[in-house]
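**Student:** Questions regarding the structure given below will be posed in turn.
There are 2 protein chains.
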Amino acid sequence: MVRRLDPSSGLPVYRQIADSLRQQIESGELGVGDQLRSENQLIADYGAARQTVRQAVALLKAEGLVYAERGRGAFVRGRPPVERLAFDRFARRHRKDGEAALSVEMGGRLPTVDVVHVGPEKASVEVARWLGVRTGTKVLRRSRRYFAAGEPMELATSYVPWTLASGTAMTQEDTGPGGIYARIEEQGHELRRFTEDVTARMPTPDEARALALPTGTPVFRLIRIAYDTDDDVVEVCDTILASDRYVLSYELPAD
Amino acid sequence: MVRRLDPSSGLPVYRQIADSLRQQIESGELGVGDQLRSENQLIADYGAARQTVRQAVALLKAEGLVYAERGRGAFVRGRPPVERLAFDRFARRHRKDGEAALSVEMGGRLPTVDVVHVGPEKASVEVARWLGVRTGTKVLRRSRRYFAAGEPMELATSYVPWTLASGTAMTQEDTGPGGIYARIEEQGHELRRFTEDVTARMPTPDEARALALPTGTPVFRLIRIAYDTDDDVVEVCDTILASDRYVLSYELPAD
DNA sequence: CAGTGGTCTAGACCACTGC
DNA sequence: CAGTGGTCTAGACCACTGT
Numbered sequence: 311m312v313r314r315l316d317p318s319s320g321l322p323v324y325r326q327i328a329d330s331l332r333q334q335i336e337s338g339e340l341g342v343g344d345q346l347r348s349e350n351q352l353i354a355d356y357g358a359a360r361q362t363v364r365q366a367v368a369l370l371k372a373e374g375l376v377y378a379e380r381g382r383g384a385f386v387r388g389r390p391p392v393e394r395l396a397f398d399r400f401a402r403r404h405r406k407d408g409e410a411a412l413s414v415e416m417g418g419r420l421p422t423v424d425v426v427h428v429g430p431e432k433a434s435v436e437v438a439r440w441l442g443v444r445t446g447t448k449v450l451r452r453s454r455r456y457f458a459a460g461e462p463m464e465l466a467t468s469y470v471p472w473t474l475a476s477g478t479a480m481t482q483e484d485t486g487p488g489g490i491y492a493r494i495e496e497q498g499h500e501l502r503r504f505t506e507d508v509t510a511r512m513p514t515p516d517e518a519r520a521l522a523l524p525t526g527t528p529v530f531r532l533i534r535i536a537y538d539t540d541d542d543v544v545e546v547c548d549t550i551l552a553s554d555r556y557v558l559s560y561e562l563p564a565d
Numbered sequence: 311m312v313r314r315l316d317p318s319s320g321l322p323v324y325r326q327i328a329d330s331l332r333q334q335i336e337s338g339e340l341g342v343g344d345q346l347r348s349e350n351q352l353i354a355d356y357g358a359a360r361q362t363v364r365q366a367v368a369l370l371k372a373e374g375l376v377y378a379e380r381g382r383g384a385f386v387r388g389r390p391p392v393e394r395l396a397f398d399r400f401a402r403r404h405r406k407d408g409e410a411a412l413s414v415e416m417g418g419r420l421p422t423v424d425v426v427h428v429g430p431e432k433a434s435v436e437v438a439r440w441l442g443v444r445t446g447t448k449v450l451r452r453s454r455r456y457f458a459a460g461e462p463m464e465l466a467t468s469y470v471p472w473t474l475a476s477g478t479a480m481t482q483e484d485t486g487p488g489g490i491y492a493r494i495e496e497q498g499h500e501l502r503r504f505t506e507d508v509t510a511r512m513p514t515p516d517e518a519r520a521l522a523l524p525t526g527t528p529v530f531r532l533i534r535i536a537y538d539t540d541d542d543v544v545e546v547c548d549t550i551l552a553s554d555r556y557v558l559s560y561e562l563p564a565d
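Listed in order, the protein sequences are those of chains A and C.
Its first residue numbered 311, the first sequence is counted upward by one per residue in the working numbering.
Its first residue numbered 311, the second sequence is counted upward by one per residue in the working numbering.
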């Protein structure tokens, strides 16, 4: 299984080894779940030092192509099943029968929720800007972590002006049928539209732990702002999603 | 500048050094553009071997917090100016005066375009599925790279059924005023809506090179499908964006 | 127990920057 | 020229897996 490298290519050895392994993965020579040759084997295959082959494999891990388990080996990553977040997932018709938005997202399968924190706090600069209130205004914060099939799927933090949330089930762990948006509409604020700003970046160490992210997996960050029929902001939701588990699907108008 | 580590924490030394440096960045002790202490200084600061401090800095590079220049040093990354891609950027009103969608995206500043390839080819399985045609059907492919202020911003590949593109300016490098969508409407296919599927992942080596991406920067991939008033697909555009240069902005209906 | 990947060290040569 | 980060080597100990 000796593999030859090209000394005249000018590329560092670890890049050439990574390219060789990547090509084996992309060509199907190494399939999903297959074990890579061990470090000692790669050392022999390519005639390189251990740190060098480790650097090559580290590159593939950073690209999200490979993961490693201590004591077992390194393996070709399979893409996990992907959830589609549809642009109309907050449409009223999905709430009428008491189904909250997240179970719509999950295609009807019931997700479990780990409520991290529910309570009042002072709005940060960022939250105040989103809500259109002054910094330090009292707001309700609801931080949750959602699981599907035992896997952590998303971290969500909602902010609602305290004047709107006070005395309602929004301040409880269980917001009741239809979720937080049903409670907001009961308060006389009919929802008209949402804006959603999407960014992507590498996770912080905290996020990587909370979402059980493999190395090399970016996260989506969604900032969703809910407006009522007066075009006032009634809620903001800051969501972190594992990018390898979601496709975000939107519809754009042509006129 | 000696920094003490906690041997009882159980964390590997390189993680502790990375945590220490990350904390210095987040606290503002190290500002945007500031130079990190050199490897030799970090070796002295933390009493670790060179590979160990390099592993710590590599972690911060993978997180996108730091970049390095050979011969100069390692620096705290500043976020580049961000472009906002609005959900209505393909609305007809933005085309009426001969302005193509991309200059709308860029806030009116004129981007430059590097046309990589324009010509007919057979639809791949993926392209055929998007266009709703049989695999191998003749389609026009237009691959471009867009620059703003000299920086590569996005890679875009459009596919149009050949029956629609043949004999029009779409098959030329310059598609003329209003761009490709104006040409499609001239062919009698009024555009009604677009769908856009958003994913994020780490770039391939090719993409990282073409977009001049710093390590640790994920990319967005947009698959945008254009439908005419008969709900037939008239074009598909596969776009790769540097995720640190864009905010994608959408509007979601509440009913 | 042998084999795996994870961490760490000490030392070397290189290409590049800036003085 | 000295100092920087980039690459590479040889060797060590560790924690964990599977038999």
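Ideal placement from N, C-alpha and C gives every residue a C-beta, glycine not left out.
As the structure is a computational prediction, the values presented were derived from the model and not from experiment.
Assuming residue 527 of chain C is part of the beta strand (DSSP E), what are its boundary residues?
**Tutor:** As a first step, residue 527 of chain C must be located in the second sequence, where it is residue number 217. That residue, residue 527 of chain C, is in no beta strand (DSSP E); it is neither H nor E in DSSP.
**Student:** Looking at C-alpha atoms only, which residue of C/396, C/375, C/361, C/458 is the closest neighbour of residue 345 of chain C?
**Tutor:** To locate residue 345 of chain C, count along the second sequence from 1; it is residue 35. When each option's Cα is compared against that of residue 345 of chain C, the closest is C/375.
**Student:** Assuming residue 429 of chain A is part of the beta strand (DSSP E), what are its boundary residues?
**Tutor:** To locate residue 429 of chain A, count along the first sequence from 1; it is residue 119. Looking at the DSSP string, the run of the beta strand (DSSP E) that includes residue 429 of chain A is 422-432.
**Student:** Are any of the Cβ atoms in chain C nearer than 9 Å to that of residue 529 of chain A?
**Tutor:** Here residue 529 of chain A corresponds to residue number 219 of the first sequence, with the count starting at 1. So yes, residue 529 of chain A belongs to the interface.
**Student:** When the distance is taken between beta carbons, is residue 463 of chain A closer than 9 Å to residue 421 of chain A?
**Tutor:** Counting from 1 along the first sequence, the entry for residue 421 of chain A is found at position 111. Counting from 1 along the first sequence, the entry for residue 463 of chain A is found at position 153. A contact, by the Cβ cut-off of 9 Å.
**Student:** With the cut-off set at 9 Å, would you say residue 403 of chain A and residue 373 of chain A are in Cβ contact?
**Tutor:** Residue 403 of chain A sits at position 93 when you count from the first residue of the first sequence. Residue 373 of chain A sits at position 63 when you count from the first residue of the first sequence. The answer is no: Cβ separation not under 9 Å.
**Student:** Restricting to Cα atoms, I'd like to know which of C/361, C/340, C/343, C/334 is closest to residue 322 of chain C.
**Tutor:** Here residue 322 of chain C corresponds to residue number 12 of the second sequence, with the count starting at 1. Answer by Cα proximity: C/361.
**Student:** Less than 8 Å between the CB atoms is what I'm expecting for residue 392 of chain A and residue 531 of chain A, so what's the real figure, rounded?
**Tutor:** On the first sequence, residue 392 of chain A is found 82 positions in, with the first residue counted as 1. On the first sequence, residue 531 of chain A is found 221 positions in, with the first residue counted as 1. At roughly 18 Å, the Cβ-Cβ gap does not stay under 8 Å, so residue 392 of chain A and residue 531 of chain A are not in contact.
**Student:** Buried or exposed: residue 522 of chain A, going by 16 or more other Cβ atoms within 10 Å of its Cβ?
**Tutor:** Counting from one through the first sequence, the residue named residue 522 of chain A turns up at place 212. So residue 522 of chain A ends up on the exposed side.
**Student:** Once DSSP output is grouped into helix, strand and coil, what is the label at residue 450 of chain C?
**Tutor:** Your numbering for residue 450 of chain C matches position 140 in the second sequence. Here residue 450 of chain C sits in strand by DSSP.
**Student:** Can you give me the Cβ contacts of residue 506 of chain C inside the same chain, cut-off strictly under 6 Å, excluding the 5 residues immediately before and after it?
**Tutor:** On the second sequence, position 196 is the one that residue 506 of chain C refers to. The answer, listed in chain order, is 532, 534.
**Student:** Return the chain-ordered ranges of every alpha helix (DSSP H) run that is complete within the stretch 466-543 of chain A and spans a minimum of 4 residues.
**Tutor:** Runs found: 472-475, 489-496, 515-520.
**Student:** Apply the 10 Å Cβ neighbour rule to residue 538 of chain A and answer buried if 16 or more other Cβ atoms are within range, or exposed otherwise.
**Tutor:** Taking the first residue of the first sequence as 1, we reach residue 538 of chain A at position 228. So residue 538 of chain A ends up on the buried side.
**Student:** With a threshold of 16 other CB atoms inside 10 Å of the CB of residue 459 of chain C, please say whether the residue is buried or exposed.
**Tutor:** Sequence index remark: in the second sequence, residue 459 of chain C carries index 149 (1-based). So residue 459 of chain C ends up on the exposed side.
**Student:** Would residue 451 of chain C pass as a contact of residue 425 of chain C if the rule is Cβ separation under 9 Å?
**Tutor:** As a first step, residue 451 of chain C is located in the second sequence; it is residue number 141 there, counting from the start. As a first step, residue 425 of chain C is located in the second sequence; it is residue number 115 there, counting from the start. Result no, Cβ atoms of residue 451 of chain C and residue 425 of chain C do not sit closer than 9 Å.
**Student:** For residue 325 of chain C, report the span of its alpha helix (DSSP H) as first-last.
**Tutor:** Counted from its first residue, the second sequence places residue 325 of chain C at position 15. Where residue 325 of chain C is concerned, the enclosing alpha helix (DSSP H) stretches over 323-336.
**Student:** Mind checking residue 546 of chain A: buried by the 16 CB within 10 Å criterion, or exposed?
**Tutor:** Stepping through the first sequence from its first residue, residue 546 of chain A is reached at position 236. That one is buried.
**Student:** Does the CB of residue 566 of chain A have a neighbour CB from chain C at under 9 Å?
**Tutor:** Residue numbering for chain A in the displayed model covers 311 to 565; residue 566 of chain A lies beyond these limits and cannot be assessed.
**Student:** Going by beta carbon distance, what residues of the same chain come within less than 7 Å of residue 409 of chain A, once the five residues before and after it are set aside?
**Tutor:** Translated into the one-based positions of the first sequence, residue 409 of chain A becomes position 99. Any reading at residue 409 of chain A must be qualified, since the residue scores a pLDDT of 49, below 50, and its modelled position is unreliable; the value itself is stated next. Cβ within range, chain order: n/a, list empty.
**Student:** Starting from the C-beta of residue 390 of chain C, find all residues in its chain whose C-beta is less than 7 Å away, skip the five residues before and the five after it, and write them out in chain order.
**Tutor:** Sequence index remark: in the second sequence, residue 390 of chain C carries index 80 (1-based). For residue 390 of chain C, where only same-chain residues beyond five positions count, the Cβ hits under 7 Å are 554, 555.
**Student:** Does residue 363 of chain A get closer than 9 Å to chain C when you measure Cβ to Cβ?
**Tutor:** What you label residue 363 of chain A is simply residue 53 of the first sequence in a count that begins at 1. No, its Cβ sits nowhere closer than 9 Å to a Cβ of chain C.
**Student:** Run through the stretch 364-395 of chain A for me and flag every whole beta strand (DSSP E) of 3 or more residues, listed as ranges in chain order.
**Tutor:** Runs of the beta strand (DSSP E) inside the stretch 364-395 of chain A: 376-379, 383-386, 393-395.
**Student:** When you compare only the Cα positions, how much space is there between residue 551 of chain C and residue 559 of chain A?
**Tutor:** As a working note, residue 551 of chain C is residue 241 in the second sequence. As a working note, residue 559 of chain A is residue 249 in the first sequence. Cα-Cα distance, rounded: 16 Å.
**Student:** With distance defined between alpha-carbon atoms, name the residue in A/427, A/447, A/428 nearest to residue 435 of chain A.
**Tutor:** Sequence index remark: in the first sequence, residue 435 of chain A carries index 125 (1-based). Selected option, being the one with the closest Cα: A/447.
**Student:** What three-state label does DSSP hand residue 565 of chain A in the structure shown?
**Tutor:** The residue labelled residue 565 of chain A in the question sits at position 255 within the first sequence. If DSSP states are grouped into helix, strand and coil, residue 565 of chain A belongs with coil.
**Student:** Just the C-alpha distance for residue 461 of chain C and residue 508 of chain A, rounded to the nearest angstrom, thanks.
**Tutor:** The residue labelled residue 461 of chain C in the question sits at position 151 within the second sequence. The residue labelled residue 508 of chain A in the question sits at position 198 within the first sequence. Taking the straight line from one Cα to the other gives about 22 Å.
**Student:** With a cut-off of 8 Å on the beta carbons, I'd call residue 527 of chain C and residue 465 of chain C a contact; round off their distance for me.
**Tutor:** Here the question's residue 527 of chain C lines up with position 217 in the second sequence. Here the question's residue 465 of chain C lines up with position 155 in the second sequence. With 8 Å as the limit, residue 527 of chain C and residue 465 of chain C do not qualify as a contact, their Cβ atoms being about 14 Å apart.
**Student:** Just to confirm before moving on: does the CB-CB distance between residue 564 of chain C and residue 502 of chain A stay below 9 Å?
**Tutor:** Position 254 of the second sequence, counted from the first residue, corresponds to residue 564 of chain C. Position 192 of the first sequence, counted from the first residue, corresponds to residue 502 of chain A. Yes, the Cβ-Cβ distance between residue 564 of chain C and residue 502 of chain A is below 9 Å.
**Student:** Give me the Cα-Cα distance between residue 400 of chain C and residue 394 of chain C, rounded to the nearest whole angstrom.
**Tutor:** On the second sequence, residue 400 of chain C is found 90 positions in, with the first residue counted as 1. On the second sequence, residue 394 of chain C is found 84 positions in, with the first residue counted as 1. Answer to the nearest angstrom: the Cα atoms are 13 Å apart.
**Student:** Rounded to whole angstroms, what is the Cα-Cα separation between residue 366 of chain C and residue 311 of chain A?
**Tutor:** Numbered from 1 along the second sequence, position 56 holds the residue referred to as residue 366 of chain C. Numbered from 1 along the first sequence, position 1 holds the residue referred to as residue 311 of chain A. About 34 Å.
**Student:** Of all the options A/480, A/427, A/479, A/469, which has the alpha carbon lying nearest to the alpha carbon of residue 440 of chain A?
**Tutor:** As a first step, residue 440 of chain A is located in the first sequence; it is residue number 130 there, counting from the start. If we check each option's Cα against that of residue 440 of chain A, A/469 comes out closest.
**Student:** Please list the partners that residue 557 of chain A has in chain C, where partner means a Cβ-to-Cβ separation under 8 Å.
**Tutor:** Along the first sequence, read from residue 1 onward, the residue named residue 557 of chain A stands at position 247. Residues of chain C passing the Cβ test: 507, 508, 509.
**Student:** Can you find the residues in the same chain that come closer than 7 Å, C-beta to C-beta, to residue 328 of chain A, ignoring five residues on each side of it along the sequence?
**Tutor:** The count along the first sequence starts at 1 and reaches residue 328 of chain A at position 18. These residues qualify, in order along the chain: 366, 369, 370.
**Student:** For residue 380 of chain C, does the count of other Cβ atoms within 10 angstroms reach 16, so buried, or fall short, so exposed?
**Tutor:** For the purposes of this step, residue 380 of chain C is identified with residue 70 of the second sequence, where counting begins at 1. Label assigned to residue 380 of chain C: exposed.
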